[in-house]
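Just so it is clear: in the sequence shown, position 18 is 18 by the UniProt record's numbering, and no numbers are missing.
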Amino acid sequence: MITLRGLTKRFGSTTAVDALTVDIAPGRVTGFLGPNGAGKSTTMRMILGLDRPTAGQALIGGRAYRELRHPLHEVGALLDAKAIHPARSGRAHLLAMARSNGIPARRVDEVLATVGLDDRAAAKPGRTLSLGMGQRLGIAGALLGDPPVLMFDEPVNGLDPDGVRWVRQLMRLLAGEGRTVFVSSHLMTEMQLTADQLVVIGRGRLLADAPIDEVVAGSAVAVRVRSPHPDGLAKLAERLTAAGATVEAAGPDELTVTGATVDRVGDLAYESGVRLHELSQHGASLERAFMELTAGSVEYAGVPDPVGETR
Numbered sequence: 001m002i003t004l005r006g007l008t009k010r011f012g013s014t015t016a017v018d019a020l021t022v023d024i025a026p027g028r029v030t031g032f033l034g035p036n037g038a039g040k041s042t043t044m045r046m047i048l049g050l051d052r053p054t055a056g057q058a059l060i061g062g063r064a065y066r067e068l069r070h071p072l073h074e075v076g077a078l079l080d081a082k083a084i085h086p087a088r089s090g091r092a093h094l095l096a097m098a099r100s101n102g103i104p105a106r107r108v109d110e111v112l113a114t115v116g117l118d119d120r121a122a123a124k125p126g127r128t129l130s131l132g133m134g135q136r137l138g139i140a141g142a143l144l145g146d147p148p149v150l151m152f153d154e155p156v157n158g159l160d161p162d163g164v165r166w167v168r169q170l171m172r173l174l175a176g177e178g179r180t181v182f183v184s185s186h187l188m189t190e191m192q193l194t195a196d197q198l199v200v201i202g203r204g205r206l207l208a209d210a211p212i213d214e215v216v217a218g219s220a221v222a223v224r225v226r227s228p229h230p231d232g233l234a235k236l237a238e239r240l241t242a243a244g245a246t247v248e249a250a251g252p253d254e255l256t257v258t259g260a261t262v263d264r265v266g267d268l269a270y271e272s273g274v275r276l277h278e279l280s281q282h283g284a285s286l287e288r289a290f291m292e293l294t295a296g297s298v299e300y301a302g303v304p305d306p307v308g309e310t311r
């Protein structure tokens, strides 16, 4: 288990992680979510002893990372897919890691096969690796010591759809073996397919720690509206807002509405004389739940185009 107790990290006057207390349990995939700048990477770095906490503890199996004699046997991690010497081959990189922790050289071949890197790919120097190949090599490094705890920061970044599906299956397999799997990602759809538990933070503070079904069920049901008439859509948006609904422009010809039923939206569209091409209800989703949870924690947010604006 990964145990965080009052974990805090300050950089000068900035608090990156604020009194974070949570348990990351074995036997399930725990997704780690938060807006950019929420403190996810800093949290993972503190767990791995790369950053020293200002206060609190980060423990792996009840011990700090620095107390682990052979850490690769206890925890495997992928934080940066390009963390390899530019002139060193992938195989040489893994061999150096293996020797440092008393892992036999044959294990390097095993993990390379697991992640789908053949001899030719493994012989390439680090500077020539694509992001996707770097991700696979990083995952191989995390698996090298066959550890019970695994941490991945954006593991599907740069992978093609087949690679994304493979990572999803790997995470589920590792958790099914009883390991602790802690993974961060910005891909909400993929996380919804992969995670059992979610830990959500914003501005360094814990916003949610619950099963994914529970988090998703707490989000609002949305109504999707499409019309070929931007001016009419803008008029409908005004009517819906006045009626107490929340309206977001999902595109030049589309609105996403919460706080109103499909029937109510349809009635207001009819009364406003707006011709619709789509009026449909969409169930709760992780993406919407995430947006609602972190609405007050987004540090940098763009301003959407006004409904009906054209260029």
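For glycine and all other residues, C-beta sits at the position ideal for the given N, C-alpha and C. Quick caveat: nothing in here was measured; it's all calculated off a predicted structure.
* To do: Have a look at V167 and S280 and give me their C-alpha separation to the nearest angstrom.
  => Position 167 of the sequence shown, counted from the first residue, corresponds to residue 167. Position 280 of the sequence shown, counted from the first residue, corresponds to residue 280. Their Cα atoms are separated by approximately 33 Å.
Next item on the list: Over the uninterrupted alpha helix (DSSP H) stretch that includes D162, give me the two end residues.
Entry: Reading the sequence shown from its first residue, position 162 is the one you call residue 162. Unbroken alpha helix (DSSP H) run through D162: P161 to G176.
*asked:* Tell me whether the region 271-289 and the region 210-226 touch, counting them as touching only if at least three CB pairs, one residue from each stretch, are closer than 8 Å.
replied: The answer is yes - the region 210-226 touches the region 271-289, with three or more Cβ pairs under 8 Å.
* Asked: Is DSSP giving G141 helix, strand or coil here?
  -> Against the sequence shown, residue 141 aligns to sequence position 141. Three-state result, G141: helix.
Problem - Whole-Å CB distance - V17 paired with K9, under 8 Å assumed - result: By one-based count along the sequence shown, residue 17 stands at place 17. By one-based count along the sequence shown, residue 9 stands at place 9. In this structure V17 touches K9 by the C-beta definition: roughly 4 Å separates them, less than 8 Å.
Exercise for review: Spatial neighbours of residue 313 within its chain, please: CB distance less than 6 Å, with the 5 preceding and 5 following residues excluded, ordered by chain position.
Suggested key: Any property of residue 313 remains undetermined from this structure, which presents the chain solely from 1 to 311.
Quick check on the DSSP output: what are the complete beta strand (DSSP E) runs of length 3 or more inside the region 31-85, in order along the chain?
Counting whole runs of 3 or more residues, the region 31-85 contains the beta strand (DSSP E) stretches 55-60 and 75-78.
For V115 and L137, I'd like the C-alpha separation in whole angstroms. Residue mapping note: residue 115 aligns to position 115 of the sequence shown, counting from 1. Residue mapping note: residue 137 aligns to position 137 of the sequence shown, counting from 1. Cα to Cα, V115 sits roughly 7 Å from L137.
Query - Where E248 falls: helix, strand or coil (DSSP) - result: Against the sequence shown, residue 248 aligns to sequence position 248. It is a strand residue.
TODO: Reducing DSSP to helix, strand and coil, say where P228 ends up.
DONE: Working through the sequence shown from its first residue, we reach residue 228 at position 228. DSSP places P228 outside both helix and strand once states are collapsed to three, so it counts as coil.
Does the distance from the CB of R179 to the CB of P71 come in under 8 Å?
What you label residue 179 is simply residue 179 of the sequence shown in a count that begins at 1. What you label residue 71 is simply residue 71 of the sequence shown in a count that begins at 1. Contact: no.
Worksheet item: Is there contact here, the region 140-158 with the region 76-86, by at least three beta-carbon pairs under 8 Å?
Response: The answer is yes - the region 76-86 touches the region 140-158, with three or more Cβ pairs under 8 Å.
What span of residues does the alpha helix (DSSP H) with S100 cover, start to end? Against the sequence shown, residue 100 aligns to sequence position 100. First-last of the alpha helix (DSSP H) with S100: G90 to S100.
Sufficient close CB pairs (3 or more, under 8 Å) joining the region 193-211 to the region 29-42:
Judged by Cβ distances under 8 Å, the region 193-211 makes contact with the region 29-42, as three or more pairs qualify.
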